[in-house]
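Read the structure below first, then the notes.
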Amino acid sequence: MVRLDCVSKSYSGTRVVDDVSLSVEPSTTLVLIGPSGCGKSTLLRMVAGLILPDQGGVFVADRQMTSETRSDIRRHLGYVIQDGGLFPHLTARDNIIIQAKLAAWPPDRIEARVTELAELTRFPVEGLTRFPAQLSGGQRQRVGIMRALMTDPEVLLLDEPLAALDPMIRREMQDDLRQIFSTLGKTVIFVTHDLHEAAWFADRIVLLKSGRIEQQGSAAQLADDPASEFVSQFVRAQRTSDFGAAAG
Amino acid sequence: MSRILIILGLLIAAFAPRPTGRSSVRVASKMFTESVILGEMFRLLSEDSGHSTQHLRELGGTRIVFESLRNGEVDLYAEYTGTLINELFSDRDIRSTQDLQAALAEQGIRMSEPLGFNNTYALGMLGDDARQNNVRRISDLNRVDGLRFGLSNEFMERDDGWPGLKAAYGLSPESVTGLDHDIAYRQLTLGLIDVMDVYTTEARINALELTVLEDDREYFPRYDAVILYRQETAEEFSDAIAAVLQLEGRLSAAAMTACNRRVEIDGDSEQQVAADFLRAEFNTDTMVSEPGRMQRIAACTLDHLELVRRSLLPAILLAVPLGVLASRRVWFGHLVLGITGLFQTIPSFALLVMLLPLAAMLGLQSVGAGSATAIMALFLYSLLPIVRNTHTGLVSIDPALIESAEVLNLPNWYRLTEIELPLASRSILSGIKTAAVMNIGFATLGALVGAGGYGQPILSGIRLADTGLILEGAVPAAVMAMVAQAGFEVAERFAVPRGLGITRLEVQQ
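Protein sequences appear in the order of chains A and B.
The first sequence maps to residues 0 to 247 in numbering that gives the first Met the number 0.
The second sequence maps to residues 0 to 508 in numbering that gives the first Met the number 0.
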């Protein structure tokens, strides 16, 4: 469904993505993980068409992303960022329906879809008339997901969507999100820096370091059969921080 | 849709003409009392001849008024031969009235016969003092011993002042002190000096009963008051000009001085004084209806609002799009902010004077009510705050929101009007508010080019040292600025989207 073919990207001489190739099968979840600055967000933004690669190609549903095609290709994409990326001057509802309104959906179709999504994301209907600043962090995230799902795109791109949430809410959102992904059968690319979150969502994990793929596979493969010293360090560090968090 | 209506409304409001015709005679005056009184006389005489006549009071200094006459914004005004020869045509060798008339004719301007008084430098003494010493002429001063002269600093310096005077009459007073003109008057009345320099038609000559000494060796250049009027006007409004020209030779120095005195010392209005003179001199039945203070303020308010409306609204219509473009391209942003910033650094008076010929060149009405000069200056001043705040408001939008809009495939126009401008609305409105408040303040300077408004009473107040009159302009100007400020704060509640005003997190239960 999504394919990256030898893509590279440099910013003022520094390669932030270096010859990366990978593909995501339909209805599977791929998680991009790695330390800060490894290029995982840049890769996701390439898939969203926000950045075009210097070399190589990004393909969504077998169409290459270019400055001409990207707005067409984006019809297949839903994009969710940290804190939802909601427009603060619009109500939750207006945020959610913005694309449908532009596509001139009839009001009852919009209404039905919003109700359906609110149910799916377990978002309280009375919250729909509120502005983002009147919602909790978790609620804002649910609205962001509803907005991304409104026109039913095949591919969902999520850039650290849960990073700003407190642990309890985050846990709850992780459960709900995985439920949504499997119910809808979407192709998902999910960026996180948390190995546990990656393990929870991923059909396949891609671990990046300095713009290159260090290893890909399941969480168990990364832990049991690290491809390099870096991979085992990264896995160990995640465990330690986890213990640290548990002790704290 | 509502936004388009607002923009349409602004457009209509900005460019709707104010119903005024230019089918009237336009008199101008310079920024001193005598000139204003003469302007009022011209106006009343012209009106009596049946033509609607406007008087652009205190239009400006010699240059501005003469230029306005030259380019046809003004039909007539009172000038002095000395000023014409020594200032306006100082680069030409003018030796006679014929020379002067020829020089003026080249510009399409005609000059009347002298009105009858010569407002030049002279020496003055207290009347009693002069009588006791039997001094009537300057040459008589040589017969009196121990005289103390107190002369204004400028007079001490000028070529046509003290040095030449002293030589021409062979004067050798006991002491000569250079001092401020107002202080000289005080010292004279206190008996600390005996002789001072005066202008021959100054009001205080009359009020303090000074004797003006005759310039029996004709040392001082003549500053005969004359009427300058346009050749075209003489043809188009011949009876109006004929009516005004009745003043030729009818205004003695004593009469003019008495008029000046009534305005400057007694506090009568120029209009009243002019009307009284005409009634006495020509038996006209000129009646004046003095507008009350409230009427005057109302008239100034209309003129002032007119200046603000016609400069601020176009500024908004141009500056917001400029700010949007500036936020799109960095180089264009630098360019636009640089240029609009430059306008702000030009002193307002200089900007007005620079724009005068431009307005005239464009065939716009450069002076008088609704002066394009003043409007252009205010327009240029209003641009920067709006451009800057629009630019800042747009570039400081969270880039994540811009990217969200992009991935959502929102069309460019929709993104700008429905997402970016609303998000920047607080900043844009505050720019407009700043521009409006500044504009209202600056608009008082419009009076310098005869545009009227609250600057008019301020200028007159300064000229007449009348604090009440100054406040009559300053207080309403301040009130208007505060009302505008408050108005924009109310507008903010409606124009800034509600969601942006929420800072408190209201988590639902």
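Ideal placement from N, C-alpha and C gives every residue a C-beta, glycine not left out.
Counting beta carbon pairs with one atom in the segment 422-435 of chain B and one in the segment 379-398 of chain B, are three or more of them shorter than 8 Å?
The segment 379-398 of chain B is in contact with the segment 422-435 of chain B.
Taking residue 191(B) as the reference, which of 124(B), 223(B) and 377(B) has the closest Cα?
Ranking the options by Cα distance to residue 191(B), first place goes to 124(B).
Can you check which of these residues, 190(A), 152(A) and 213(A), is closest to residue 80(A) by C-alpha distance?
Considering only alpha carbons, the answer is 190(A).
Would you mind working out which of 23(A), 30(A), 50(A) and 32(A) sits nearest residue 7(A), comparing C-alpha positions?
Here the closest residue by C-alpha is 50(A).
Is the shortest distance between the beta-carbon of residue 413(B) and the beta-carbons of chain A less than 9 Å?
True, the Cβ-Cβ gap to chain A drops below 9 Å.
Is there a C-beta anywhere in chain A that falls below 9 Å from the one on residue 329(B)?
No, its Cβ sits nowhere closer than 9 Å to a Cβ of chain A.
Taking residue 237(A) as the reference, give the member of 215(A), 194(A) and 136(A) with the closest Cα.
Among 215(A), 194(A) and 136(A), the Cα nearest to that of residue 237(A) is on 194(A).
Is it right to say residue 445(B) is buried, meaning 16 or more other beta carbons lie within 10 angstroms of its own, or is it exposed?
Buried, since its Cβ has 16 or more Cβ neighbours within 10 Å.
Fully enclosed by the segment 31-99 of chain A, which beta strand (DSSP E) runs are 3 residues long or longer?
Entirely contained in the segment 31-99 of chain A, the beta strand (DSSP E) runs reaching 3 residues are, in chain order, 54-59 and 76-80.
Please determine, among 152(B), 47(B), 53(B) and 22(B), the residue with the shortest C-alpha to C-alpha distance to residue 35(B).
Checking every option, the nearest Cα to that of residue 35(B) belongs to 53(B).
Nearest CA to the CA of residue 366(B): which residue from 230(B), 328(B), 450(B) and 239(B)?
It is 450(B) whose Cα lies nearest to the Cα of residue 366(B).
Who are residue 150(B)'s beta bridge partners in DSSP?
DSSP, once it has assigned bridges, lists 177(B) as partnering residue 150(B).
Buried or exposed: where does residue 10(A) fall if 16 or more other Cβ atoms within 10 Å of its Cβ makes it buried?
Exposed is the call here.
Just the Cα atoms here: how many angstroms apart are residue 354(B) and residue 363(B)?
About 11 Å.
When the Cα of residue 494(B) is compared with those of 422(B), 468(B), 461(B) and 186(B), which residue comes out closest?
For residue 494(B), the nearest C-alpha among the options comes from 422(B).
Quick one, which residues of the segment 416-428 of chain B are near chain A if we go by CB-CB under 7 Å, in chain order?
Per Cβ criterion, the list reads 418, 421 and 422.
Is any beta-carbon of chain B found at less than 9 Å from that of residue 90(A)?
Residue 90(A) counts as touching chain B.
Counting Cβ pairs closer than 8 Å, one from the segment 212-225 of chain B and one from the segment 123-142 of chain B, do we hit at least three?
Yes: the two stretches touch, three or more of their Cβ pairs being nearer than 8 Å.
Are the C-beta of residue 87(A) and some C-beta of chain B separated by less than 9 Å?
For residue 87(A), the answer is yes, since a Cβ of chain B falls inside 9 Å of its Cβ.
Taking its Cβ as the centre, do 16 or more other Cβ atoms sit within 10 Å of residue 20(B), making it buried, or is it exposed?
Note that residue 20(B) has pLDDT 47, beneath the 50 cutoff, so the model's placement of it is unreliable and no number is given.
Since residue 78(B) sits in a beta bridge, which residues does DSSP pair it with?
Its beta-bridge partners are 225(B).
Mind listing the chain A neighbours of residue 499(B)? Cutoff is C-beta to C-beta under 7 Å, in chain order.
Within chain A, the residues near residue 499(B) are 87 and 88.
Using a Cβ cut-off of 9 Å (strictly closer), state whether residue 20(B) contacts chain A.
Note that residue 20(B) has pLDDT 47, beneath the 50 cutoff, so the model's placement of it is unreliable and the number below is only indicative. So, not an interface residue.
Suppose you measure from the CA of residue 267(B) to the CA of residue 4(B); what does that come to, to the nearest Å?
Rounded to the nearest angstrom, the two C-alpha atoms are 50 Å apart.
Please say whether residue 168(A) and residue 135(A) have beta carbons closer to each other than 9 Å?
Cβ distance < 9 Å, so residue 135(A) and residue 168(A) count as in contact.
State whether the segment 42-57 of chain B contacts the segment 87-102 of chain B, with contact taken as three or more CB pairs (one from each stretch) at a distance under 8 Å.
No, they do not touch.
Return the chain-ordered list of same chain residues with a C-beta closer than 8 Å to the C-beta of residue 12(B), the five sequence neighbours on each side being excluded.
Closer than 8 Å at the Cβ level, and outside the excluded window around residue 12(B), lie 308 and 312.
Could you name the residues of the same chain whose beta carbon sits closer than 8 Å to that of residue 16(A), not counting the 5 residues immediately before and after it, in chain order?
6, 7, 8, 38, 41, 42, 45, 52 and 210, listed in sequence order.
Classify residue 333(B) as buried or exposed, calling it buried when 16 or more other Cβ atoms lie within 10 Å of its own Cβ.
Exposed is the call here.
Hey, could you find the ends of the beta strand (DSSP E) residue 9(A) is sitting in?
Its beta strand (DSSP E) spans residues 1-10.
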